[in-house]
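Novice:
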Amino acid sequence: MIAQGVPSLRINPRVLSTRDSAATLDTSLQAEIMSKCEDLSSKFIQPLNDRLRGPLDKSSSGGYRTTKLPFVFVLGNHSSGKSSFINHCIGRTIQTTGVAPTDDSFTIIAPGPKDIDQDGPALIGDPDMGFSGLRQFGPALIHHTCLKVRRDIATSTFMMVDSPGMIDSPVTRASAFDSGGGAHNRSLSDRGYDFEAVVKWFADRADVILLFFDPDKPGTTGETLSILTNSLPGLDHKLYIVLNKADKFERIHDFARAFGSLCWNLSKVIQRKDLPRIYTMCLPEADRQQQPAAQQQYAAAGGAGGDAGESSRLGSGLQDLESTRVTVLSEVFKAPKRRIDNIITRLTDSVHLLQVHATIVEDLQRDYRRAKWGQRGTTLAVVGAGAGAAGASMYLSAPLELPAAVGVLTVLLAGGVHFMTSRTLRQKEEHMLSVEGLNMRFSKCYATELAEGDEMINSVWKRIRESLKLTLGTSGLNAIPSVKANDLKQLQRILDQDIPSLRRSAAPVQFTYEGAKAASEKPTGERLRDRVHSSPNLNL
1 MIAQGVPSLR INPRVLSTRD SAATLDTSLQ AEIMSKCEDL SSKFIQPLND RLRGPLDKSS
61 SGGYRTTKLP FVFVLGNHSS GKSSFINHCI GRTIQTTGVA PTDDSFTIIA PGPKDIDQDG
121 PALIGDPDMG FSGLRQFGPA LIHHTCLKVR RDIATSTFMM VDSPGMIDSP VTRASAFDSG
181 GGAHNRSLSD RGYDFEAVVK WFADRADVIL LFFDPDKPGT TGETLSILTN SLPGLDHKLY
241 IVLNKADKFE RIHDFARAFG SLCWNLSKVI QRKDLPRIYT MCLPEADRQQ QPAAQQQYAA
301 AGGAGGDAGE SSRLGSGLQD LESTRVTVLS EVFKAPKRRI DNIITRLTDS VHLLQVHATI
361 VEDLQRDYRR AKWGQRGTTL AVVGAGAGAA GASMYLSAPL ELPAAVGVLT VLLAGGVHFM
421 TSRTLRQKEE HMLSVEGLNM RFSKCYATEL AEGDEMINSV WKRIRESLKL TLGTSGLNAI
481 PSVKANDLKQ LQRILDQDIP SLRRSAAPVQ FTYEGAKAAS EKPTGERLRD RVHSSPNLNL
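Heads up: the sequence shown at position 416 corresponds to 416 in UniProt numbering, and the numbers run straight through without jumps.
Spelled out as structure tokens, the structure:
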């Protein structure tokens, strides 16, 4: 039986438009979307963040600015096959590979008309490449960063970033999950710069992130687990975990132990019942021997992966590994398509972080101002009472000693009251800026969202709490300019209007309800005929 008066939703092909993500998105539309995001950031979000000492990157460290080209960020343990995989992707032997650690630098590989190498100071000093924000991490990082421009490579529309292999020293392993200043100082002593912060900087701006493990070290290095905990939270949508070199296993028992070990170690830092997918793969034999023909082989196979000779020699068990490798390759080559969505996502995330920061600061400032004016009012009341008593005694023609004594007593009493109320105010401020006080403030400001079980707001608070505590504890509430009501309204307007508009512009499929509206205006009999024609097997 068909419900009366309820129109069926029909998608009109003239109304429904599909796009294969940003790859087929009109170039002018891409530029327009990126320009709008840049305007929102540079004209409002970034200045507000700098003024309120917010959780986002400061303007001096690059702020919201993105890199010149999309890029894929490759992380992993040393000797996990990162460099070999990059050579496999680009179709040329560019990165040095080996069992021992072979590279201690962040290497950006970019397409260009000719082969050029550029050192870190020149790269980071380039105002157009988008890596100037790395300057904040100091000279040790600057001198361990380089750019390799290469011609005739398969990755002609995006860059790839190779990172130093993660290695555990005994100190690092013993304190892999330290927090606070100890972890920061340890990172500086290990590499000369804050490795976790640098990884986070790259990861925030990357379009695809690959995290490599290998059978010899399946997630057992403390530095790797620390990176997952401190540098990659909130980036699951573009993070791919890869167990590489799976063809090294000679027995299924060895594979089961390595895979189980990786899952066990990941469960320590990913607090969910469901682990993310682990892409188990290997590279073709030609690439393991550094023969730069992998990308041509991949293209010639049309995405099938692997050559028949190798498959027959190593057995049919490699077919799944090769299929997974092709899947990972396809995600790598989608980096340009994901650029627009990632930019909007990053903008959305930035606004959420800044909004919670500003809301908490505004409520703290209001409460603090109220307490401060109360303190001043108490002191002024004592002074006023003393002045009134002195004036009354003079009016009553009392001896001059009495008004003088009242005046001295008033000054002493006002000083004592001011001292006591100032100490009380300092204690109140200290409590307000403690972890307990900030948590209470958050619960007060977002009581409705918490009552509704909004996990999004909870996750945002966990991400900014430590930085907010550090900022307020260092400078105090008086040092931060007042948050204006219009600032909070503008942030909410961006979330309610600007970002949805950007999402609609970048959407690969756009739906409208024009077809449904037109259908609802038809007589019931005509709607029934349309339903029957669209569903010939429908039995009435």
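Every residue gets a Cβ at the ideal spot worked out from N, C-alpha and C, and that includes glycine.
With 16 as the cutoff for other CB atoms within 10 Å, does residue 552 come out buried or exposed?
Specialist: Outside the displayed span of the chain (1 to 540) sits residue 552, for which this structure offers no information.
Novice: Around the Cβ of ASP487, are there at least 16 other Cβ atoms within 10 angstroms (buried) or fewer (exposed)?
Specialist: Numbered from 1 along the sequence shown, position 487 holds the residue referred to as residue 487. Per the 10 Å Cβ criterion, buried.
Novice: Do you know offhand how far PHE71's Cα is from LYS200's?
Specialist: Taking the sequence shown and counting its residues from 1, one reaches residue 71 at position 71. Taking the sequence shown and counting its residues from 1, one reaches residue 200 at position 200. If you take the alpha carbons of PHE71 and LYS200, they lie about 14 Å apart.
Novice: Roughly how many whole angstroms lie between the Cα atoms of ASP152 and ILE499?
Specialist: Within the sequence shown, the letter at position 152 stands for residue 152. Within the sequence shown, the letter at position 499 stands for residue 499. About 38 Å.
Novice: Around the C-beta of LYS217, are 16 or more other C-beta atoms found within 10 angstroms, so that it is buried, or is it exposed?
Specialist: The residue labelled residue 217 in the question sits at position 217 within the sequence shown. Classification of LYS217: buried, given that the 10 Å Cβ count is 16 or more.
Novice: How would you label LYS337, buried or exposed, when you count the other beta carbons within 10 angstroms and need 16 or more for buried?
Specialist: Taking the first residue of the sequence shown as 1, we reach residue 337 at position 337. Counting of Cβ neighbours within 10 angstroms places LYS337 among the buried residues, the total reaching 16 or more.
Novice: Are PRO55 and LEU354 closer than 8 Å when you measure CB to CB?
Specialist: Position 55 of the sequence shown, counted from the start, is the residue given in the question as residue 55. Position 354 of the sequence shown, counted from the start, is the residue given in the question as residue 354. Taking 8 Å as the Cβ cut-off, PRO55 and LEU354 qualify as a contacting pair.
Novice: Quick check on the DSSP output: the beta strand (DSSP E) that includes GLN118 runs from which residue to which?
Specialist: The residue you call residue 118 lines up with position 118 of the sequence shown. Where GLN118 is concerned, the enclosing beta strand (DSSP E) stretches over 116-119.
Novice: Taking the straight line between their C-alpha atoms, what separation do you get for TRP373 and GLY120?
Specialist: Position 373 of the sequence shown, counted from the start, is the residue given in the question as residue 373. Position 120 of the sequence shown, counted from the start, is the residue given in the question as residue 120. Straight-line Cα distance between these residues: approximately 53 Å.
Novice: What's the call for TRP461, buried or exposed, on a 16-neighbour Cβ count within 10 Å?
Specialist: Stepping through the sequence shown from its first residue, residue 461 is reached at position 461. So TRP461 ends up on the buried side.
Novice: Quick one: using the 10 Å Cβ neighbour count with 16 as the cut-off for buried, is HIS144 buried or exposed?
Specialist: The count along the sequence shown starts at 1 and reaches residue 144 at position 144. Answer is buried; the Cβ neighbour count reaches 16.
Novice: Considering just the uninterrupted stretch of the alpha helix (DSSP H) at LYS82, what are its terminal residues?
Specialist: Taking the sequence shown and counting its residues from 1, one reaches residue 82 at position 82. LYS82 -> alpha helix (DSSP H) spans 82-90.
Novice: Given that a residue counts as buried once 16 or more other Cβ atoms are within 10 Å of its Cβ, and exposed if not, what is ASN478?
Specialist: Working through the sequence shown from its first residue, we reach residue 478 at position 478. Looking at its Cβ environment, which holds fewer than 16 other Cβ atoms inside 10 Å, ASN478 is exposed.
Novice: What residues in its chain sit with their C-beta under 6 Å from that of ALA335, if we drop five residues either side in the sequence?
Specialist: For this step, residue 335 is matched to residue 335 along the sequence shown. PRO70, VAL72, PHE158, ASP207, VAL208.
Novice: From the DSSP output, read off the bridge partner residues of MET420.
Specialist: The count along the sequence shown starts at 1 and reaches residue 420 at position 420. DSSP lists no partner for MET420.
Novice: Looking at C-alpha atoms only, which residue of VAL435, VAL356, LYS238, THR224 is the closest neighbour of SER80?
Specialist: On the sequence shown, residue 80 is found 80 positions in, with the first residue counted as 1. When each option's Cα is compared against that of SER80, the closest is THR224.
Novice: Note down the Cα distance separating ASN230 from VAL198, rounded to an integer number of angstroms.
Specialist: The count along the sequence shown starts at 1 and reaches residue 230 at position 230. The count along the sequence shown starts at 1 and reaches residue 198 at position 198. The straight-line gap from Cα to Cα measures roughly 11 Å.
Novice: Please state whether DSSP places MET160 in a helix, a strand or coil.
Specialist: Sequence index remark: in the sequence shown, residue 160 carries index 160 (1-based). Note: MET160 maps to strand in three-state DSSP.
Novice: Can you say whether ILE116 is buried or exposed, counting buried as having 16 or more other CB atoms within 10 angstroms of its CB?
Specialist: In the sequence shown, residue 116 corresponds to position 116, counting from 1. Its Cβ having fewer than 16 others within 10 Å, ILE116 is exposed.
Novice: If we call anything under 8 Å between Cβ atoms a contact, is VAL332 one with CYS89?
Specialist: Start at 1 with the first residue of the sequence shown, and residue 332 comes out as number 332. Start at 1 with the first residue of the sequence shown, and residue 89 comes out as number 89. Cβ distance < 8 Å, so VAL332 and CYS89 count as in contact.
Novice: DSSP three-state label for CYS129, please.
Specialist: Walking along the sequence shown from the start, residue 129 turns up at place 129. Checking the displayed sequence, the identity of residue 129 turns out to be Met instead of Cys. DSSP places MET129 in coil when its eight states are reduced to three.
Novice: What ranges does the alpha helix (DSSP H) occupy inside the segment 188-235, keeping only unbroken runs of at least 4 residues that lie completely in it?
Specialist: 195-205, 222-230
Novice: Measure how close the beta-carbons of LYS36 and LEU502 come, nearest whole angstrom, since I'm counting them as under 8 Å.
Specialist: Here residue 36 corresponds to residue number 36 of the sequence shown, with the count starting at 1. Here residue 502 corresponds to residue number 502 of the sequence shown, with the count starting at 1. Contact flag correct, Cβ pair sits at about 6 Å.
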